[in-house]
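Undergrad: Taking this note's numbering, the leading residue of the sequence shown gets -19, the next gets one more, and so forth. Note that beta-carbon positions come from the ideal geometry of N, C-alpha and C, so glycine has one too. Pasting in a structure now, in structure tokens, and then I'll have a few things to ask.
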Amino acid sequence: MLVKIYNTMSRKKEEFIPLVQGEVSMYVCGPTVYNFFHIGNARTFVVFDTVRRYLEYRGYKVKFIQNFTDIDDKMIKRANEEVITVEELGNRFIGEYYKDADALNIERATVNPRATEYIEQIISFVQDLIDRDYAYEVDGDVYFSTKKFKGYGKLSGQNIEELQAGARIDIDERKKDPMDFAVWKSQKPGEPAWKSPWGMGRPGWHIECSCMAYNLLGDTIDIHAGGSDLEFPHHENEIAQSESRTGKTFARYWMHSAFVNVNNQKMSKSLNNFFTVREVLQKYDPDVIRMFMLSGHYRTQINFSIELLDSTKAAMDRLN
-19 MLVKIYNTMS RKKEEFIPLV QGEVSMYVCG PTVYNFFHIG NARTFVVFDT
31 VRRYLEYRGY KVKFIQNFTD IDDKMIKRAN EEVITVEELG NRFIGEYYKD
81 ADALNIERAT VNPRATEYIE QIISFVQDLI DRDYAYEVDG DVYFSTKKFK
131 GYGKLSGQNI EELQAGARID IDERKKDPMD FAVWKSQKPG EPAWKSPWGM
181 GRPGWHIECS CMAYNLLGDT IDIHAGGSDL EFPHHENEIA QSESRTGKTF
231 ARYWMHSAFV NVNNQKMSKS LNNFFTVREV LQKYDPDVIR MFMLSGHYRT
281 QINFSIELLD STKAAMDRLN
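Take a look at the structure:
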């Protein structure tokens, strides 16, 4: 029996044929570790844990990478608020991630790399982009030049002019083009930083995953996955960086899970409908939460409510 995957890149189902027969390389974007992960994150983690388990059930040996983003603006802000280091904050919430993920019976990744463990490799990656004229330095910041990459926008299915009009772009007059994005950020007061050819600084968000995927899985990977909110700009930018550096296809199959709404509204702290998995686990068995996350097709939005969780619990009770 064939395995078919809906590929976000092609917008159609395709027969899954891995690069190496009997083996699968799979990269799933993980959490930024500044807080407990929420139910929207949980759906992504549970969905792709299930995909992995299915591939293993079908006899594939799966090398499954899920990263931790442990240097980021939100982390710096919270660490400063708590008067601790970003490293201390990251260590704490990586531990909390494992507690909740283990409770949901999410299989541990083959490797959970941390961005800060790959600073040397990230600097080398950025330098390669500069050497290939895909990136440029301004006052210690390094930007990727999106117009130099001919395929920019191919994952989200838009051309660069449409993206330019619709994307939320930080205004920075120093950039050659508004769509250019940072691959290296110069140090600001009070921020952790590392020595680089462009001065003290830290990696941009998008470059982290490109670098970790490259170092752990190679030039081209079989499956790259994450939440649908990452399709643009994060995954689009990963493709641009990676393929500009290697000249090869970055990922052959792209998979994206849909959002979780809460009481038919988008989950938001401002709407007071934001739930962490830790909070929900205090009231419901992990199997109930896991079954609920799998109750709809992974590319279809599901609605979270107490009534629906209770209904899932009753179904699980009958099943048991």
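1) Going along the chain, which residues of its own chain have a beta-carbon closer than 6 angstroms to the beta-carbon of residue 32, five neighbours each way excluded?
2) Ends of the beta strand (DSSP E) at residue 75?
3) Is residue 231 helix, strand or coil by DSSP?
4) When DSSP labels each residue in this structure, what does residue -14 get in the three-state scheme?
5) Let me know the secondary structure DSSP gives residue 147 once reduced to three states.
6) Can you check the region 100 to 130 for any beta strand (DSSP E) of at least 3 residues that lies completely inside it and give the ranges in chain order?
7) Quick one: what's residue 162 bridged to in DSSP?
8) For a test of the three-state rule: what should DSSP assign to residue 277, helix, strand or coil?
9) Among residues of its own chain, excluding the 5 on either side of residue 3, which ones have a beta-carbon nearer than 6 angstroms to its beta-carbon?
10) Kindly identify the DSSP beta-bridge partner or partners of residue 6.
11) Kindly indicate which three-state DSSP category residue 0 falls into: helix, strand or coil?
12) Helix, strand or coil: how does DSSP classify residue 195 here?
13) Using the C-alpha atoms, what's the distance from residue 153 back to residue 29?
14) Could you compute how far the alpha carbon of residue 269 sits from the alpha carbon of residue 39?
15) For the structure I just gave you, are there three or more beta carbon pairs, one from the region 232 to 247 and one from the region 193 to 207, closer than 8 angstroms?
16) Ends of the alpha helix (DSSP H) at residue 217?
17) Excluding the 5 residues preceding and the 5 following residue 117 in the sequence, name in chain order all residues of the same chain whose CB lies nearer than 6 angstroms to its CB.
18) Since residue 174 sits in a beta bridge, which residues does DSSP pair it with?
19) Report, in whole angstroms, the separation of the C-beta atoms of residue 200 and residue 229, which I expect to be a contact under 8 angstroms.
20) Determine the direct distance from the alpha carbon of residue 198 to that of residue 243, and round the result to whole angstroms.
21) Which residues bound the alpha helix (DSSP H) around residue 60?
22) Within its chain, find whatever has a CB closer than 8 angstroms to the CB of residue 58; leave out the 5 residues flanking it on each side and keep chain order.
23) Would you tell me roughly how many angstroms separate the C-alpha atoms of residue 286 and residue 293, rounded to the nearest one?
24) By DSSP, does residue 282 sit in helix, in strand, or in coil?
25) Only counting the same chain, and skipping five residues up and downstream in sequence, which positions put a Cβ closer than 7 angstroms to that of residue 202?
26) For the candidate residues 158, 27, 211, whose alpha-carbon lies nearest to that of residue -9?
27) Three or more beta-carbon pairs under 8 angstroms between the region 116 to 135 and the region 77 to 85, yes or no?
28) Measure the alpha-carbon distance for residue 166 versus residue 21 and round it to whole angstroms.
29) Looking only at its chain, what residues have a beta carbon closer than 8 angstroms to the beta carbon of residue 265, apart from the 5 residues adjacent to it on each side?
30) Give the single residue among 174, 213, 222 whose Cα lies nearest to the Cα of residue 194.
TA: Judging by the given coordinates:
1) Here residue 32 corresponds to residue number 52 of the sequence shown, with the count starting at 1. 42, 44.
2) Here residue 75 refers to the residue found at position 95 of the sequence shown. Not the beta strand (DSSP E): residue 75 falls in the alpha helix (DSSP H), residues 66 to 83.
3) As a working mapping, residue 231 is identified with position 251 in the sequence shown. Correct three-state label for residue 231: strand.
4) Along the sequence shown, read from residue 1 onward, the residue named residue -14 stands at position 6. The answer is strand: DSSP assigns residue -14 an E or B state.
5) Numbered from its first residue, the sequence shown carries residue 147 at position 167. Since pLDDT at residue 147 reaches only 49, below the 50 mark, its modelled position is unreliable, and no value is offered.
6) 115 to 118, 121 to 124
7) Here residue 162 refers to the residue found at position 182 when the sequence shown is read from its first residue. Bridge partners of residue 162: 123.
8) If you number the sequence shown from 1, residue 277 lands on position 297. In this structure, residue 277 counts as coil in the three-state DSSP scheme.
9) Position 23 of the sequence shown, counted from the start, is the residue given in the question as residue 3. Excluding positions up to five away in sequence, the list reads 41.
10) Start at 1 with the first residue of the sequence shown, and residue 6 comes out as number 26. Partner(s): 44, 203.
11) As a first step, residue 0 is located in the sequence shown; it is residue number 20 there, counting from the start. Three-state result, residue 0: coil.
12) For the purposes of this step, residue 195 is taken as the residue at position 215 of the sequence shown. Residue 195: helix per DSSP, three-state reduction.
13) Position 49 of the sequence shown, counted from the first residue, corresponds to residue 29. Position 173 of the sequence shown, counted from the first residue, corresponds to residue 153. Distance between the alpha carbons of residue 29 and residue 153: 42 angstroms.
14) Here residue 269 refers to the residue found at position 289 when the sequence shown is read from its first residue. Here residue 39 refers to the residue found at position 59 when the sequence shown is read from its first residue. Going from the Cα of residue 269 to the Cα of residue 39 covers about 27 angstroms.
15) yes
16) The residue given as residue 217 occupies position 237 in the sequence shown. Looking at the DSSP string, the run of the alpha helix (DSSP H) that includes residue 217 is 216 to 226.
17) In the sequence shown, residue 117 corresponds to position 137, counting from 1. For residue 117, where only same-chain residues beyond five positions count, the Cβ hits under 6 angstroms are 178.
18) Walking along the sequence shown from the start, residue 174 turns up at place 194. As computed with DSSP, residue 174 is found in a beta bridge with 181.
19) Along the sequence shown, one-based indexing puts residue 200 at 220. Along the sequence shown, one-based indexing puts residue 229 at 249. About 5 angstroms; that satisfies the 8 angstroms criterion.
20) One-based indexing of the sequence shown puts residue 243 at position 263. One-based indexing of the sequence shown puts residue 198 at position 218. Approximately 42 angstroms between the Cα atoms of the pair.
21) As a position in the sequence shown, residue 60 is number 80, starting the count at 1. Run containing residue 60: 53 to 62, per the alpha helix (DSSP H) assignment.
22) The residue given as residue 58 occupies position 78 in the sequence shown. Closer than 8 angstroms at Cβ, skipping near neighbours: 14, 15, 69.
23) Taking the sequence shown and counting its residues from 1, the one referred to as residue 286 is at position 306. Taking the sequence shown and counting its residues from 1, the one referred to as residue 293 is at position 313. Spanning the two alpha carbons is a distance of roughly 10 angstroms.
24) Counting from one through the sequence shown, the residue named residue 282 turns up at place 302. In this structure, residue 282 counts as strand in the three-state DSSP scheme.
25) As a working mapping, residue 202 is identified with position 222 in the sequence shown. Taken in chain order, the residues that qualify are -2, -1, 4, 5, 6, 232, 233.
26) The sequence position of residue -9 within the sequence shown is 11, counting from 1. Looking at the Cα atoms, 211 is the closest of the given residues.
27) no
28) The residue labelled residue 166 in the question sits at position 186 within the sequence shown. The residue labelled residue 21 in the question sits at position 41 within the sequence shown. Going by the C-alpha atoms only, they are around 30 angstroms apart.
29) Position 285 of the sequence shown, counting from 1, holds the residue named residue 265. Only 293, 296 meet the Cβ criterion.
30) Numbered from its first residue, the sequence shown carries residue 194 at position 214. Out of 174, 213, 222, 222 has the C-alpha closest to the C-alpha of residue 194.
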